[in-house]
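Order-wise, the sequence lines are chains A and B. The first sequence finishes on residue 554 if you use our numbering, and the numbering steps up by one all the way, no holes. The second sequence finishes on residue 861 if you use our numbering, and the numbering steps up by one all the way, no holes. Even glycine gets a Cβ: it sits at the ideal position worked out from N, Cα and C. Nothing here was measured: the structure is a model prediction, and the numbers come from that model. Input: a single structure, listed below in structure tokens.
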Amino acid sequence: MHNVHPIPVQKTPTHNLEELEMTRFILTTALAATLAMPAFAVQPAEGETLAENQTYTYWLLDAIKSLDPAKNTDVEGSDALRSLFEGLMNEDAQGNMVPGVAEEYEVSDDGLTYTFKLREAKWSDGSPVTADDFVFAWQRVVTPATASEYAWYMELMNVANATQIIAGEMDPAELGVRALDDRTLEVTLTAPTPYFLNTLSHATTFPVPRAVVEEHGDNWTRPGTLVGNGAFTLASHNLGVEIVFQKNPEYWDADNVVMETVRGVTVNDNNVALTRYQAGELDRVQIPAGQFPRLSEQFPDQAVSVPYGCSYAYVFNLSDKGPEVLKDQRVREAMALSLNREVMVDQILQGGQRPAYTWTHWAINGFAAPEGGMDDMPYEARLERARELLEEAGYGPQNPVRLTLQYNTDENHRLLAIAAQQFWRPLGIEITLNNVEWAVHTDRLQNQDFEIARYAWCADYNEASTFLDWFRTDGYNSGKWSNAEFDEILAEARTAEDTTPLYRRAEEILAEEVPAVWVYHYAKVDMINPAIRGLPRENLLNTWYAKDLYRVAE
Amino acid sequence: MFGYVLRRLAVAIPTLLLLIVFSFILMSLAPGGPFTGERALPPAVLANLEAQYGLNEPLWRQIWNYVWNIVVHFDFGPSFVYPDRSVNELIAAGFPVTLTYGALSFLVAVVLGVSLGIVAAIWHNSWLDYLAVGVSIGAQVLPNFVMAPLLVLVFTLWYRLLPGGGWSFNDPSFWIMPVIALSTSYMASIARITRSSMLEVLGSNHIRTARAKGMPEHRVILRHALKPAMLPVISYLGPVFVSMITGSVVIDIYFSTGGIGKAFVDSALNRDYAVMMGVTILVGALTILFNLLVDVLYAWIDPKIRY
């Protein structure tokens, strides 16, 4: 039994808490908007008593590959980096941008220059966090010798000259980021970028301590050496086994951080991880596929399913290397119509995922799906229409379409592909399944060396363009579909006041031309110890901050 | 004998070089690379990465540089997937773990397996024999990927006796389940080989002579039967020892030990070329070394063998 120490509840003053939401208003009216933005860590609610032992242990599927903000490439690494470092912006439980190191900011009339006023913050070694630390970090990301896989993120942010520096045509010092003084940072963009502020909570943009990085080189991310400005410090890191974070007393808001120790424990097998969660070794674990119905019945207070910003699709290869039959829009449409996503979601995935009829995830901010699409048709009518279309195109059970569906090794991908094969077969679409390992799959996707391929995309930020950009003519677009109107709409959306109708129209074009069959929108399905509070459930990107967590007495 | 060992060691060097060259070529032929992902990298970013890791050089040059760095600096290069770490560091972190649970498992497997085999052979066709054979068949048919999660279920969830995974050099409670899971099927094989070889030896002429001279049975077994009966076991143990100390993917995955077995498989799947090469060389060198050791042991056990 723990001793219980009730902590007086601190109420966050609400009258001056202006939520910093990225709105079009700021850009289009182009006022030099100065927002005062106080921000506090999440606090225990009234009536909750804190546990004496403030420890949170979460599950990692694999080893954390890098703790260098410039070199991190994955979600697990980003989660760790948000504890160790803090960027200009943080996210709240709903995914809204709230101030991090930036206290306030101004945007120029043309939307091209952002000036951030930094708060008085310290590195974990006690030295001040300065604007120069951001300049150094951002320049480091684009410097070719750093070999940052995420260098493109600075291009996505439209930071001036990023592209030229990455290509080796310009000096990293020319990057559009300057320290006006120790606590003023100016960023210059190449184009007005509506989602710019949303990119600032990403680990790639976090500051790094110049002196430490220059002294220790590649070894600067080791425990004992790593210096960060986040709410936690790196206590130990046993690669592929365990990573431990301790509360950082130098953090500017340390008074409001309740959690003392955070541990990430690697368990390479999801089922074993679930067993260890049940044995009390972990506070949070992903639920293995298919087990959500059972667990949510058994542990309704622990099994949680929340929307997660990724979409799953079967992409058609429409390039010159693709099969001739797929260039017939009627065939593609018939395939989209006849895929019974409801069965795939309800019978195979069973974890609160949703059938997809748009590429953009349904829960993306400000997104409204087009109406009157195939999702409004009863499945029987859809099948009927699919048969007609195929017949018009000259195909049917007597003269079947033969195609290969490629997917990477994974039990769920396999089951879904088999289901798809069964839905298409009665119409006269014979699918050969082709299972390849991950590296081969992505290599073939990038070289248009496939017919139909399983694909999933996860949002970089909470706005529809993160999905729709994929299908731009010069987007990732593995199937090489191209549509001039679609490209124009997305270009227009960059500066538009109200993007909702534009994105809806873009989805309509995708629904008409069917460059891919949408399958489902992800959900994040987890077991969470009910004593752990402060984990966001409405943040579509599942961006969580250890500083916001606390453990209540059981 | 000494000359023979020296000659074998001299042959090992070109063998390792051939291994490096072939692995390197095969690796570069595999589709994809360390930087292919869901998101195709912009060409400029990819070019910077390849230049940084020397992947833009012609293949022969890459192999040359690689071998040169190993011979001159004992540097196995940087990991592509773990950019904060070098291959030397990754192996230095993972290999001791694998070596610990691998060597322990080997010990357990040999001691139990040989004892079980001898018992079964001596009391051939008795209930002891059936029990021993039953145990070893049971251990063999229960693959470790079934046994490992089962162990976690029993010892961690039900009885709360052992940690469900992870690793610590200071706390043997982390070692127990990996050792059980890894050793059982090897133990079973060793028991079977020992039993049949022991049975064969026990029926041979020199044993009959020893018994005819009135030698006590325990001396017959320990002095005259055991040594020749061990020959087939030892030839089996050489490669087994190497594969045990260089790790098991299954053990590493289910018990999250941070060992080198999983690192090896991951490096192949992730196309982490340098890590893959590093572990290949490690396994190759150990295999050569232990095959040599087995041959030397042979000569020691069987005086008829001369090199």
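- Using a CB distance cut-off of 8 Å, L711 (chain B) counts as an interface residue toward chain A.
- Assignment of G230 (chain A) by DSSP, reduced to helix, strand and coil, places it in the coil class.
- At least 8 Å separates the beta-carbon of R178 (chain A) from that of M527 (chain A).
- As the crow flies, the alpha-carbon of T225 (chain A) is around 49 Å from that of E488 (chain A).
- For L573 (chain B), the closest C-alpha among the options B:A594, B:F634, B:Y740, B:M830 is that of B:M830.
- For F316 (chain A), the uninterrupted beta strand (DSSP E) run begins and ends at 303-316, by DSSP.
- A direct Cα-to-Cα measurement between P192 (chain A) and A491 (chain A) gives close to 11 Å.
- Of the candidates A:L510, A:D548, A:S124, A:D548 places its Cα closest to the Cα of M259 (chain A).
- Around the beta carbon of A686 (chain B), a 10 Å sphere encloses 16 or more other beta carbons of the protein chains shown; the residue is thus reported as buried.
- In this structure V695 (chain B) is exposed. Its beta-carbon is surrounded by fewer than 16 other beta-carbon atoms within 10 angstroms.
- Contacts with chain B at 8 Å (Cβ-Cβ) do not include Y251 (chain A).
- Residue nearest to T834 (chain B) within the set B:T811, B:A657, B:S577 is B:S577 (criterion: CA-CA distance).
- Of all residues in the segment 157-179 of chain A, only T163, I166, A167, G168 place a beta-carbon less than 8 Å from a beta-carbon of chain B.
- With fewer than 16 other CB atoms across the displayed protein chains lying within 10 angstroms of its CB, R762 (chain B) is exposed.
- At the C-beta level, Y455 (chain A) and A313 (chain A) come within 8 Å of one another.
- Against L603 (chain B), the close residues of chain A are A147, E149, in the order they occur along the chain (beta-carbon pairs closer than 7 Å).
- Checking the DSSP bridge columns, you'll see W152 (chain A) has no partner listed.
- The DSSP-derived three-state label of Y790 (chain B) is helix.
- Listed along chain B, the residues sitting closer than 7 Å to Y476 (chain A) by beta-carbon distance are R593, A594.
- When DSSP assignments are scanned along the segment 97-180 of chain A, the uninterrupted stretches of beta strand (DSSP E) that are 3 or more residues long and fall wholly within it turn out to be 97-99, 102-107, 113-118.
- With respect to L389 (chain A), A334 (chain A) sits close: the two C-beta atoms are nearer than 8 Å.
- Against chain A, the CB of F589 (chain B) has a partner CB under 8 Å away; the residue lies at that interface.
- Close to chain A, meaning a Cβ-Cβ distance shorter than 7 Å, are the following residues of the segment 625-637 of chain B: V635, Y636, P637.
- Within its own chain, the residues whose Cβ lies closer than 6 Å to the Cβ of L405 (chain A), once the five positions on either side in sequence are excluded, are A417, I431, L433, I452, listed in chain order.
- Under the DSSP assignment, N435 (chain A) falls in the beta strand (DSSP E) whose first and last residues are 429-436.
- Looking at the backbone, the Cα of L609 (chain B) and that of Q616 (chain B) are separated by about 7 Å.
- With a threshold of 8 Å between beta carbons, P144 (chain A) makes contact with chain B.
- A direct Cα-to-Cα measurement between Y790 (chain B) and V848 (chain B) gives close to 9 Å.
- Taken through DSSP and simplified to helix, strand or coil, W481 (chain A) comes out as coil.
- Counting only Cβ-Cβ distances below 7 Å, A647 (chain B) has contacts in chain A at L239, in chain order.
- The C-beta of V700 (chain B) comes no closer than 8 Å to any C-beta of chain A.
- For P637 (chain B), the closest of A:N96, A:D92, A:P69 by C-alpha to C-alpha distance is A:P69.
- Against chain A, the CB of Y808 (chain B) has a partner CB under 8 Å away; the residue lies at that interface.
- Scanning chain B for C-beta atoms nearer than 7 Å to the C-beta of K65 (chain A) yields V635, Y636, reported in chain order.
- Y607 (chain B) and N619 (chain B) have their C-alpha atoms spaced approximately 11 Å apart.
- Of the candidates B:N602, B:V755, B:I676, B:N602 places its Cα closest to the Cα of I166 (chain A).
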